[in-house]
Each structure stands twice: as structure tokens, then as C-alpha cells.
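Student: Here it is, the structure in full.
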Amino acid sequence: MIVMKDVYKKYPNGVVAANGINVEIGRGEFVYVVGPSGAGKSTFIKMMYREESPTKGDIIINGINLATLRSKRVPYLRRQIGVVFQDFKLLPKLNVYENVAFALEVIEESPKQIRKKVNDVLALVGLTQKARMFPNELSGGEQQRVSIARSIVNVPKVVIADEPTGNLDPDTSWEIMKIFEQINARGTTIVMATHNKEIVNTIRHRVIVIDGGMITRDEFEGVYGYES
Amino acid sequence: MKARTMGRHVRESLKSLGRNSWMTFASVSAVTVTLLLVGVFIVIMMNLNQLADNLENDVEIKVITEPAADVEAVKTLEEQVRNTPGVSEVVHATKDEELEKMISSFGDELNLYKQSNPLGDALYVKATDPHKTAEVAQKIDSYDYTYQVVYGEGKIEKLFNVLNMSRNIGMVLILALLFTAMFLISNTIRLTIVARGREIEIMKLVGATNGFVRIPFVLEGVWLGVLGSIIPMAVISFSYYELYSQWQPRLQNELFQLLNATPFILQVNGLLLFMGVFIGVWGSFMSVRKFLRV
Chain A
9 MIVMKDVYKK YPNGVVAANG INVEIGRGEF VYVVGPSGAG KSTFIKMMYR
59 EESPTKGDII INGINLATLR SKRVPYLRRQ IGVVFQDFKL LPKLNVYENV
109 AFALEVIEES PKQIRKKVND VLALVGLTQK ARMFPNELSG GEQQRVSIAR
159 SIVNVPKVVI ADEPTGNLDP DTSWEIMKIF EQINARGTTI VMATHNKEIV
209 NTIRHRVIVI DGGMITRDEF EGVYGYES
Chain B
31 MKARTMGRHV RESLKSLGRN SWMTFASVSA VTVTLLLVGV FIVIMMNLNQ
81 LADNLENDVE IKVITEPAAD VEAVKTLEEQ VRNTPGVSEV VHATKDEELE
131 KMISSFGDEL NLYKQSNPLG DALYVKATDP HKTAEVAQKI DSYDYTYQVV
181 YGEGKIEKLF NVLNMSRNIG MVLILALLFT AMFLISNTIR LTIVARGREI
231 EIMKLVGATN GFVRIPFVLE GVWLGVLGSI IPMAVISFSY YELYSQWQPR
281 LQNELFQLLN ATPFILQVNG LLLFMGVFIG VWGSFMSVRK FLRV
């Protein structure tokens with residue numbers, strides 16, 4: 009599903025955020041990416057949806073090599089990947105329904121399909137009742153659920169989440185994790201960067217530790233922690 | 031692209047005008063003010079240009095024939111002048127008519143000359159291209175039976191120089207004004223788009239192609255241009271029609287004539303609309319381009 013081979017990333021300011029990353033993530037896996045701040049987690053995540061390009065090496069997602077992908081094809085790559093952010097990235101002037109529908113309008117889905125898919129996914133994240141509300145009328149957890157709904161409405165094969173619970177209180181974080189579990193149970197690969205030790209240690213999945221731009225540990229059913 | 035998608039773009043672009051009403055107002059005002067300036071300037075320049083053309087076309091060559099030349103000879107000369115390349119019009123005035131003209135300008139004392147008219151016939155010649163007057167005059171001068179060829183030598187060259195210079199200055203001013211307008215408007219539009227950088231970023235992240243992101247903004251540029259050109263078009267049309275109906279009757283026999291309102295104002299309006307739309311589209315296009323490299 010996702011393969012990284014000898015991936016290096018050096019930013020113009022000289023910071024090396026990826027220093028020879030090799031990793032393989034299979035279809036339907038749930039992977040936590042952990043590590044200290046500034047270790048290269050975000051770069052690792054961003055390279056997967058081609059917000060950043062590697063300086064050297066190959067990244068292959070679903071058979072597409074991102075290193076050689078022409079920028080014109082990037083939109084089509086992103087349609088196969090759902091992305092969830094710590095700050096939700098919702099459009100403040102669109103209501104919940106419109107925010108989710110937006111992802112389908114962009115790929116020119118038919119209005120009928122849009123209605124159906126958006127209603128289904130809002131039911132999945134439990135926001136059917138709040139479809140007409142605007143982001144500023146929602147709690148953080150609800151906003152994150154909208155953002156998740158938007159990322160999966162298109163039925164992507166991979167969902168990439170960059171600290172999705174970073175701005176949420178513990179109870180809400182558990183709710184969000186439940187939704188990710190459901191999505192994963194449908195066969196969607198999930199890669200999640202997180203700082204939440206409790207979640208990683210309770211809902212056991214593969215843990216990849218990134219430190220200094222390198223993978224320092226990669227364990228199935230692993231626990232949180234960057235040492236060793 | 032599907033027609034449905036185009037419909038969506040049109041709806042989105044119109045909605046966005048309302049959602050960003052403050053920015054819309056700023057951009058439309060910028061377009062309005064600059065187009066009004068450009069429009070007024072164009073109207074003035076075009077009319078001055080018309081005056082210049084009239085002045086130029088007023089230049090003529092007076093060919094005085096030998097007083098001794100008989101009717102046949104004058105006729106031959108007239109024929110010869112008529113066939114000279116570059117000549118557009120020849121008016122023949124007999125020596126009696128010439129004398130009448132002199133009497134009316136210089137007074138009745140000249141009535142004495144009616145018994146024996148010392149003047150020759152005159153031919154008033156216009157050149158197809160006023161700038162070639164001197165050339166044509168020289169050629170005519172070489173024909174038989176010409177006594178004198180007068181065309182305001184020296185003076186018309188100066189006139190043409192002045193007219194050309196004023197035309198060039200006018201063009202430069204209009205271009206400078208247009209350039210300023212484009213800069214001002216595209217900057218205002220850029221601000222409105224910068225404010226929506228996040229929107230563009232999200233569109234790109236959910237897999238929108240560059241074209242999909244760009245089209246609503248470009249359409250918005252079209253609407254801004256159209257909205258911004260309405261007031262200048264209305265003001266200029268109204269004022270010019272008013273001016274024309276008030277002043278044109280009084281200018282009946284003057285060298286300076288206002289341009290006919292009907293085709294002229296339509297042309298100016300068309301130009302303003304085109305400029306408004308062009309500037310709007312160009313401004314949007316250039317500004318959104320920066321955000322598409324996500």
C-alpha cells in the first residue's frame with residue numbers, strides 16, 4: 009500500500025527532516041507514527057500526500073511513485089488519500105453538510121451521489137443532526153468529526169491523520185479514535201501521527217518511532233515511547 | 031469539464047461576491063474609479079484627435095495659373111493636376127470668383143480691377159494624405175501654366191509636428207493610466223484572494239485540479255470587471271450625450287466637431303467593459319496562480 013525506499017528530505021534552510029527512511033505499510037494496517045517534536049513526523053506524513061516531495065528516494069502509494077509524479081497528477085493522487093489535520097481545516101463559511109460535500113464536488117460527483125454519500129458518512133460520524141450547523145457552532149470534537157467525514161466520504165484507500173486528537177480533550181479523543189477504528193475495520197489503511205501516549209498504549213497497533221529523521225523503532229502491537 | 035460543474039462554478043463565483051462583500055466593494059470601486067478616469071481621458075483624446083484630423087484635412091494647395099493662360103490651357107492643367115497621384119480633390123475657381131473673394135476681404139476699392147482682371151484662375155487641391163502635401167505641391171509646380179503654388183510651406187510641417195506630438199502624449203497617458211489601473215485592481219483582487227488562501231489550500235488537499243480552483247476566481251474577476259464598468263459607462267454615456275446635444279448645434283461650421291455620439295459612445299462603452307473584464311480576469315488569474323503551488 010505505502011512503500012518508502014531510502015527517502016531523504018532536506019529543506020532549503022538545511023534542516024534534514026528525513027534521513028534514509030525505509031518502511032512498508034500494508035493494506036488495511038493501522039499505524040501510529042510517534043516521536044518528539046521536530047523529529048520529522050510531520051514531514052513523513054506530508055510526503056505521503058505530496059505536500060512535500062522527497063529530495064531523494066521513492067515513495068510509492070497504491071502503485072503511484074510520488075517522487076516522479078508530475079504535479080498535474082497530484083490532485084488525482086489526493087483523491088485516493090484522505091487527510092485529517094490537527095486544526096481540522098474546515099471552511100468556516102460552509103455548513104457541516106457543505107464542508108463534506110465539498111470534497112465530492114471537487115471531483116465532479118453527481119448531486120445524487122453527493123447527497124447519498126454525504127448523508128451516509130455523516131451518519132457514520134454521528135453528525136446527521138448537525139448537518140446544517142456551521143463550524144463555529146460546533147465543539148472541537150465535532151469539528152474533527154466533520155473533518156474525518158470529509159476525508160473518508162470519497163472512500164479513500166488510505167487515511168492520513170496528523171495529530172487528529174492534538175487539540176481535543178481526552179474523552180473526545182477516545183470518540184475520535186472509535187471512529188478511526190471503524191474506518192480501519194472497513195479495510196482502510198490508517199497512518200496517524202500522534203503524541204497521545206494513552207491511546208497508543210491502549211488501542212494497540214503498529215508503532216513507528218521517528219527520531220532525527222530516521223525510523224528508530226518499528227513494532228507491531230507496540231507501545232508509546234521514543235527511547236531505545 | 032461537465033456542464034454541471036460549470037454551473038457550479040458560476041454559482042460559487044456569484045455566491046462568493048456576496049460572502050466577501052467588503053472585498054467585492056473594494057475591488058469594484060477600484061475598477062470604477064480607474065475606468066472612469068480612463069474613459070473620460072479616452073473621450074477627450076478621441077475628440078482632440080478628431081480636431082487634429084480636421085486640421086490636417088483642412089490643409090490645401092492653392093494653384094494659381096498664369097494670368098495669360100487661356101481657358102483651354104487651364105483646363106489641361108486642371109486635368110493634369112487631377113491625374114497627379116496623391117490628389118484627392120480639385121476645386122476650380124475662375125479668376126472672377128477669385129477677385130470677388132479678394133474684394134470681400136480687402137474692400138470695394140478693388141472693384142476697379144473688374145474691368146481688367148489681373149488674376150489668374152485658381153485650383154484648390156487637397157492631397158489624399160495631408161502629410162504628402164508638400165510633395166504633391168512640388169509636382170504640381172513643375173507643370174506648365176502654373177504661376178504660383180501655395181500651401182503654407184513651413185507652417186503645415188510645424189502643425190503636423192505639434193499634432194503628432196499631442197497624439198503621442200495622449201497615447202502614453204492612456205497607457206500609463208491603464209497600467210496603473212491594472213496594477214491597482216490586480217492588487218485589490220490579490221488581497222481578496224490572499225484572504226481566501228485557506229480555502230484554496232483545502233480545495234487542493236481534497237484533490238481539486240488547478241483548473242477547478244481557478245475557474246470560480248476567474249469568473250469572479252469577470253463579475254468584478256462588469257460591475258466596476260457599469261458606473262463609468264453610465265456616467266460617460268449620459269454626460270457625452272448631454273454635451274453632444276448641447277454643444278454640437280453651436281459647432282455647426284467650426285473646425286472643431288464633437289464625434290458623433292452614437293457609434294462613438296458605444297465604442298467607448300465596449301472598450302471600458304472589455305478593459306474591466308480583462309483587468310478583472312487578469313488580476314484573478316495572476317493572484318490565484320501563487321496559491322496553486324500547494
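As they're listed, the protein sequences go chains A and B.
For the first sequence, the working numbering begins at 9 and goes up steadily by one.
For the second sequence, the working numbering begins at 31 and goes up steadily by one.
From the three backbone atoms N, C-alpha and C, an ideal C-beta is built for every residue, glycine too.
#1: Is Ile102/A close to chain B? Criterion is C-beta to C-beta, closer than 7 Å.
#2: Count the CB pairs spanning the stretch 78-94 of chain B and the stretch 148-164 of chain B that are closer than 8 Å, and state whether there are at least three.
#3: Since Lys125/B and Gly150/B should fall inside the 8 Å C-beta cutoff, what is the C-beta to C-beta distance between them, to a whole number of angstroms?
#4: Give the DSSP-derived three-state secondary structure of Thr224/A in the structure shown.
#5: What span of residues does the alpha helix (DSSP H) with Ala106/A cover, start to end?
#6: Could you tell me which chain A residues have their CB closer than 9 Å to the CB of Gly237/B, listed as they occur along the chain?
#7: Leu107/B to Val180/B, Cα distance in whole Å?
#8: In angstroms, rounded to a whole number, what distance separates the CA positions of Asn70/A and Gln88/A?
#9: Check whether chain A comes within 7 Å of Arg49/B, counting only Cβ atoms and requiring the distance to be less than that.
#10: For Met36/B, which option in Phe247/B, Gln278/B, Leu78/B and Leu281/B has the closest C-alpha, if you only look at C-alpha atoms?
#11: How should Glu171/A be labelled, buried or exposed, when 16 other C-beta atoms within 10 angstroms of its C-beta is the threshold for buried?
#12: Taking one C-beta from the stretch 90-99 of chain B and one from the stretch 304-316 of chain B each time, how about it: are there three or more such pairs within less than 8 Å?
#13: Please give the ranges of any alpha helix (DSSP H) in the stretch 85-165 of chain A, keeping only runs that are unbroken, at least 4 residues long and fully inside the region.
#14: Which residue wins for smallest C-alpha separation from Val252/B, given the options Ala33/B, Thr54/B and Lys32/B?
#15: With DSSP as the reference, please indicate the residues paired to Met12/A in a beta bridge.
#16: Within the continuous beta strand (DSSP E) that includes Arg214/A, where are the two ends?
#17: Where does Gln287/B fall in DSSP's three states?
#18: With a cut-off of 8 Å, do at least 3 Cβ pairs link the stretch 257-274 of chain B to the stretch 61-73 of chain B?
#19: Starting from the N-terminal side, write out each stretch of the beta strand (DSSP E) that is 3 residues or longer and does not extend beyond the stretch 94-132 of chain B.
#20: With Tyr40/A as the anchor, note down where its beta strand (DSSP E) starts and where it stops.
#21: Anything in chain B within Cβ reach of Leu263/A, meaning under 7 Å, just list it in chain order.
#22: Who are the Cβ neighbours of Thr114/B in its own chain at under 7 Å, not counting the five residues just before and after it?
#23: Should Lys45/B be flagged as near chain A, meaning a C-beta pair shorter than 7 Å?
#24: How many Å lie between Gln121/A and Leu47/B at the Cα?
#25: In three-state terms, what does DSSP make of Lys185/B?
#26: Out of Arg112/B, Thr210/B and Lys185/B, which one is the CA nearest neighbour of Val155/B?
Tutor: Quick look at the numbers:
#1: According to the sequence as given, residue 102/A is Leu; it is not Ile. Chain B, which has no Cβ nearer than 7 Å to the Cβ of Leu102/A, makes this no.
#2: With the cut-off at 8 Å, the stretch 78-94 of chain B and the stretch 148-164 of chain B touch.
#3: 6 Å
#4: Thr224/A: strand per DSSP, three-state reduction.
#5: For clarity, residue 106/A is Glu in the given sequence; the question names Ala instead. Note, Glu106/A: alpha helix (DSSP H), Val104 to Glu113.
#6: Going along chain A in sequence order, the residues near Gly237/B (Cβ under 9 Å) are Val82, Pro83, Tyr84, Leu85, Arg86, Arg87, Gln88, Ile89, Ala111, Val114, Ile115 and Asn162.
#7: 16 Å
#8: In this structure, the CA atom of Asn70/A is about 9 Å from the CA atom of Gln88/A.
#9: yes
#10: Phe247/B
#11: buried
#12: no
#13: 104-113, 119-132 and 148-160
#14: Thr54/B
#15: Val31/A and Ile67/A
#16: Arg214 to Asp219
#17: coil
#18: yes
#19: 117-123
#20: Residue range Phe38 to Val42 is occupied by the beta strand (DSSP E) that includes Tyr40/A.
#21: Nothing about residue 263/A can be reported from this structure: the residues present for chain A run from 9 to 236 only.
#22: Val166, Lys169 and Ile170
#23: no
#24: So the two alpha carbons sit approximately 28 Å from each other.
#25: DSSP, reduced to helix, strand and coil, places Lys185/B within a helical segment of the structure shown.
#26: Arg112/B
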